[in-house]
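Shown next, in structure tokens, is the structure this report addresses.
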Amino acid sequence: MKRILFPTDFSEVATNAFVHALAFAKILHGELVILHSYPTLSIDDQFFPENFKTVYDTVELTQFDIFKEEVPKLHAIATACNLDNIKMTHRLMEGDLVNNIKKSVEEDKIDYVVMGTSGVTEWDAIFIGSNSGEVIIGITVPVLCVPLDSKYKTIKTIGFTTRYRAKDKQAIHTVLNLAKHLNAKLKCLYVKTSNSDVSKETIAEWNAEFETQPIEFSIVESDEINEAVMDFIITKNVNVLTMLTYKRGFFKGLFQPSYTKMEHPEFHIPILAIHID
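Under the working numbering, think of the first position of the sequence shown as 8, with each following residue one higher.
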């Protein structure tokens with residue numbers, strides 16, 4: 008059974024992502040681990056030696072009360088979605104969010120993380136400087152990032168941008184395994200620019216290797232990479248777009264994100280971040 012970690016601060020962004028997490032768990036016959044992380048109280052006990060513990064205990068109790076109040080609301084959402092049969096466990100952890108997620112991933116043997124993003128429409132701003140971005144570059148399990156404006160749809164098509172690198176295959180096999188569980192198709196895009204150096208032999212080798220798999224490869228000749236990816240999302244009816252992350256902490260998708268506003272509703276789709284060593 009797959010285990011899915013859902014970090015939440017009980018905000019609107021997180022609540023929207025919770026619906027995706029529920030549906031994801033149902034399809035994968037998995038269970039949810041719901042994590043609420045709150046920061047460590049920054050009070051110097053040297054200056055408040057007498058009442059430090061009282062202040063600390065008050066903050067801790069407040070967080071626990073919030074947790075007790077909000078958790079039933081999540082269960083109510085699950086019931087409203089007819090997904091209340093999904094097993095859910097809960098964790099309340101003090102400390103840094105990313106560190107707590109790492110700890111939960113290890114201790115709870117997590118397979119996927121599902122969390123909300125800020126809901127903005129620039130692809131880069133979804134991640135840069137956000138909790139989602141820090142989580143993505145900090146852990147090795149796949150992370151499904153759900154923008155606020157992304158309403159849940161059955162995942163029928165997963166998009167994948169590739170440059171036919173050997174390392175891309177590792178991620179493709181990960182996503183392919185997920186696509187099979189979801190009964191979805193994996194559609195890969197290679198944007199061949201004027202500087203592209205991928206040989207015809209490499210492309211032929213990939214086509215032969217994945218010939219029996221539910222994968223479709225598309226090659227588009229263009230120097231406007233962002234626009235090509237946007238067109239790909241629309242024309243191929245992509246429900247989730249895969250992006251790759253590396254140890255250095257930045258995205259290695261096919262394109263470099265820009266500040267191009269993408270108001271088209273098709274662009275408000277979840278991003279599946281896959282870590283590559």
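Backbone N, C-alpha and C fix where the C-beta goes; we use that ideal spot for every residue, glycine too.
These numbers were taken from a predicted model, which means no experiment stands behind them.
I need the straight-line Cα distance from residue i to residue j, nearest angstrom please.
| i | j | result |
| --- | --- | --- |
| residue 218 | residue 16 | 44 Å |
| residue 42 | residue 204 | 44 Å |
| residue 231 | residue 169 | 15 Å |
| residue 235 | residue 210 | 19 Å |
| residue 158 | residue 248 | 15 Å |
| residue 113 | residue 148 | 10 Å |
| residue 250 | residue 117 | 20 Å |
| residue 78 | residue 241 | 37 Å |
So, is residue i buried or exposed, given that buried needs 16 or more other C-beta atoms within 10 angstroms?
| i | result |
| --- | --- |
| residue 46 | exposed |
| residue 180 | exposed |
| residue 194 | buried |
| residue 161 | exposed |
| residue 154 | buried |
| residue 201 | exposed |
If you drop the 5 nearest sequence neighbours on each side, which residues of the same chain put their C-beta closer than 6 Å to that of residue i?
| i | result |
| --- | --- |
| residue 32 | 11, 39 and 93 |
| residue 13 | 28, 39, 41 and 121 |
| residue 21 | 15 and 123 |
| residue 146 | 109 and 112 |
| residue 282 | 147 and 252 |
Can you give me the Cβ contacts of residue i inside the same chain, cut-off strictly under 8 Å, excluding the 5 residues immediately before and after it?
| i | result |
| --- | --- |
| residue 36 | 8 and 9 |
| residue 222 | 179, 183, 192, 193, 194 and 195 |
To which residues does DSSP link residue i through a beta bridge?
| i | result |
| --- | --- |
| residue 102 | Note: residue 102 sits in no beta bridge, so no partner. |
| residue 10 | 38 |
| residue 228 | 199 |
| residue 223 | 194 |
| residue 281 | 251 |
| residue 157 | In the DSSP output, where bridge partners are listed per residue, residue 157 has none listed. |
Exercise for review: Say whether the stretch 78 to 94 touches the stretch 106 to 116, bearing in mind that this needs 3 or more beta-carbon pairs closer than 8 Å, one atom from each stretch.
Suggested key: No, the stretch 78 to 94 does not touch the stretch 106 to 116.
Exercise for review: Could you say if the stretch 157 to 165 and the stretch 205 to 216 meet the contact criterion of at least three C-beta pairs nearer than 8 Å?
Suggested key: With a cut-off of 8 Å, the stretch 205 to 216 and the stretch 157 to 165 do not count as touching, because too few Cβ pairs lie within range.
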